[in-house]
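Written below as structure tokens is the structure these notes are about.
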Amino acid sequence: MRVLDDAPSLRVTVNGPCRLLPGGDRTAATTIQKFRWGLIQPTRDGLQAGRSAWTGRAGRQLQVVPTDDSVIFLNGVRYRGALTILRNNAGSLQVNNDVPLEQYLKGVVSREVDARWPMAALEAQAIVARTFTIRQVQDRAGQAFDVTMRWPQLYGGLQDERPRATQAVERTRGLVVTAGGRLVLTYYHTVCGGRTEDAEAVWPSVKSPALRSVECIYCRRAPHYRWSLAVSSEELAQALAGGGVDVGPLTDLQLGPRNRSGRVTTVTVIGLGGAATVSAVQLRAELGSNRLRSANCTVQPSGNDRWIFEGFGWGHGVGLCQWGASGLAQRRQTAQQILQFYYPGTEITTWPAS
Ligand SMILES: [Zn+2]
Numbered sequence: 011m012r013v014l015d016d017a018p019s020l021r022v023t024v025n026g027p028c029r030l031l032p033g034g035d036r037t038a039a040t041t042i043q044k045f046r047w048g049l050i051q052p053t054r055d056g057l058q059a060g061r062s063a064w065t066g067r068a069g070r071q072l073q074v075v076p077t078d079d080s081v082i083f084l085n086g087v088r089y090r091g092a093l094t095i096l097r098n099n100a101g102s103l104q105v106n107n108d109v110p111l112e113q114y115l116k117g118v119v120s121r122e123v124d125a126r127w128p129m130a131a132l133e134a135q136a137i138v139a140r141t142f143t144i145r146q147v148q149d150r151a152g153q154a155f156d157v158t159m160r161w162p163q164l165y166g167g168l169q170d171e172r173p174r175a176t177q178a179v180e181r182t183r184g185l186v187v188t189a190g191g192r193l194v195l196t197y198y199h200t201v202c203g204g205r206t207e208d209a210e211a212v213w214p215s216v217k218s219p220a221l222r223s224v225e226c227i228y229c230r231r232a233p234h235y236r237w238s239l240a241v242s243s244e245e246l247a248q249a250l251a252g253g254g255v256d257v258g259p260l261t262d263l264q265l266g267p268r269n270r271s272g273r274v275t276t277v278t279v280i281g282l283g284g285a286a287t288v289s290a291v292q293l294r295a296e297l298g299s300n301r302l303r304s305a306n307c308t309v310q311p312s313g314n315d316r317w318i319f320e321g322f323g324w325g326h327g328v329g330l331c332q333w334g335a336s337g338l339a340q341r342r343q344t345a346q347q348i349l350q351f352y353y354p355g356t357e358i359t360t361w362p363a364s
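Going by the numbering used here, 61 is the number at position 51 of the sequence shown; the sequence numbering is gapless.
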């Protein structure tokens with residue numbers, strides 16, 4: 011997982027024994043009792059850490075592997091597993107955190123949901139995050155890609171782990187959501203606002219019977235179940251122009267038809283320079299999906315060249331509704347029941363499937 015990019019230098023400390031592998035070469039590994047070199051920086055033709063320096067192949071990559079129970083710190087932040095420091099041709103550094111899947115999930119669950127939620131909701135999140143990660147990696151087999159702190163999910167590292175989230179990962183070890191023996195691309199979102207969305211409505215190429223809209227009455231206590239947003243005409247025009255849509259000064263906004271989940275599909279913008287119709291998905295992307303929280307909304311002019319959007323839910327709405335999962339867990343539903351509600355027709359199995 012890529013945790014740092016394009017750094018001119020970095021500080022690494024390990025609080026106990028560790029192994030150093032210059033060039034990623036196991037035969038060149040050295041074991042040291044404590045790693046307190048502090049500054050690691052690129053040199054003209056390699057890498058330098060304290061008084062040690064490497065050039066050539068060994069100078070392009072340095073792996074730091076904590077042993078025993080040692081913990082590694084990068085720029086003061088704790089990480090699980092090993093760090094690989096890569097020197098690129100431009101002479102800056104990239105750092106990858108080599109962390110096993112089950113450990114990675116502990117940092118995901120604690121970041122994605124509130125670790126104080128009922129255990130069944132945390133377990134459901136752990137299973138969904140595991141399935142999503144394995145499926146994303148599977149889909150990219152043979153391609154170069156990095157799991158990052160933000161992709162495919164938020165990851166907080168060791169300092170963000172919480173005991174109950176860790177417990178949820180351990181209690182569900184290896185469990186995944188499958189349909190017909192295949193991993194489901196288990197999308198999830200913060201709060202659906204009353205009904206989840208068909209995957210195809212957001213990503214036309216994703217066709218899965220497990221990702222179809224279901225009514226959800228369990229997320230009503232979520233902070234963003236209902237929301238409103240005021241936007242000026244100028245700001246709207248600017249956001250649209252960023253996406254290549256230019257209709258001049260805005261005079262009207264008309265919402266297009268709603269799909270079966272109640273979400274607006276298109277928005278027609280009318281300006282002094284013409285009119286254009288954009289998808290609601292695009293409008294959310296242009297305005298910021300954390301501002302225009304969902305496409306389940308209405309819009310009204312409010313004078314002073316402003317528009318008031320009012321809506322339900324936060325996120326694309328596909329798959330598991332995180333606040334709904336918490337509501338279902340409060341109603342004593344198990345993780346399996348929660349998952350089979352949001353991903354209809356699926357099974358919870360152990361991966362790799364035997
Ligand atoms: Zn919901």
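Every residue, glycine too, gets a C-beta built ideally from N, C-alpha and C.
The alpha carbon of glutamate 296 has as its nearest neighbour, out of Asp256, Asp315, Gly327, Leu338, the alpha carbon of Asp256. Straight-line spacing of the CA atoms in glycine 323 and cysteine 226 works out to 11 Å. In the displayed model, tryptophan 317 falls within a strand according to three-state DSSP. If you ignore the 5 residues before and after glutamate 320, its C-beta comes within less than 7 Å of the C-beta of Ser238, Cys307, Thr308, all in its own chain and listed in chain order. The segment 335-355 makes contact with the segment 216-235; the number of CB pairs closer than 8 Å reaches 3 or more. A check of alpha carbon separations from arginine 222 across Thr356, Pro110, Pro362 identifies Thr356 as the nearest. Note: asparagine 107 is bridge-paired with Leu93 in the DSSP secondary-structure output. Looking at the DSSP output, glutamine 264 bridges to Thr278. Three or more Cβ pairs closer than 8 Å define a contact, and the segment 257-264 meets that threshold against the segment 281-299.
The beta carbon of proline 110 sits closer than 7 Å to those of Gly91, all from its chain and outside the five residues before and after it, given in chain order. The beta-carbon separation of threonine 53 and glutamine 73, rounded to 18 Å, does not stay under the 8 Å limit for a contact. Here glycine 272 is buried, its C-beta having at least 16 other C-beta atoms within 10 Å. For the pair leucine 14 and glycine 101, the Cα-to-Cα distance works out to about 14 Å. Screening all residues for a C-beta within a distance smaller than 5 Å of any heavy atom in ligand 1 leaves Cys202, Cys226, Cys229, Cys331, Gly334, in chain order.
Residue nearest to phenylalanine 142 within the set His199, Gly313, Asp35, Gln43 is His199 (criterion: CA-CA distance). For valine 288, no alpha helix (DSSP H) segment is defined; the enclosing uninterrupted segment is the beta strand (DSSP E) at 284-289.
Note: arginine 21 is bridge-paired with Leu49 in the DSSP secondary-structure output.
In the DSSP secondary-structure assignment, cysteine 229 is not bridged to any residue. Burial check for glutamate 122: the Cβ neighbour count within 10 Å reaches 16 or more, so the residue is buried. Within the DSSP bridge table, the entry for glutamine 310 names Ile318 as partners. A Cβ-Cβ separation of about 18 Å leaves leucine 31 out of contact with valine 81 under the 8 Å criterion. Between the segment 161-168 and the segment 135-149, the count of C-beta pairs closer than 8 Å reaches three or more; the two stretches touch. In the structure shown, tyrosine 197 falls within a coil segment according to DSSP collapsed to helix, strand and coil. For glycine 56, the secondary structure class from DSSP, reduced to helix, strand or coil, is strand. The C-beta distance from tryptophan 333 to valine 201 rounds to 4 Å, short enough to meet the 8 Å contact threshold. Residue range 62-65 is occupied by the beta strand (DSSP E) that includes alanine 63.
Secondary structure of threonine 359 (DSSP, three-state): strand. Shown here, valine 123 sits in coil according to DSSP, grouped into three states, outside any helix or strand. Leucine 168 has its alpha-carbon roughly 36 Å from the corresponding atom of alanine 211. Annotation for serine 289: Thr276 place their beta carbon closer than 6 Å to its own, counting only its chain and skipping 5 residues before and after. The Cβ atoms of valine 241 and tyrosine 352 do not sit closer than 9 Å to each other. When Cys331, Gln113, Thr360, Ala251 are compared, the shortest CA-CA separation from tyrosine 235 is found for Cys331.
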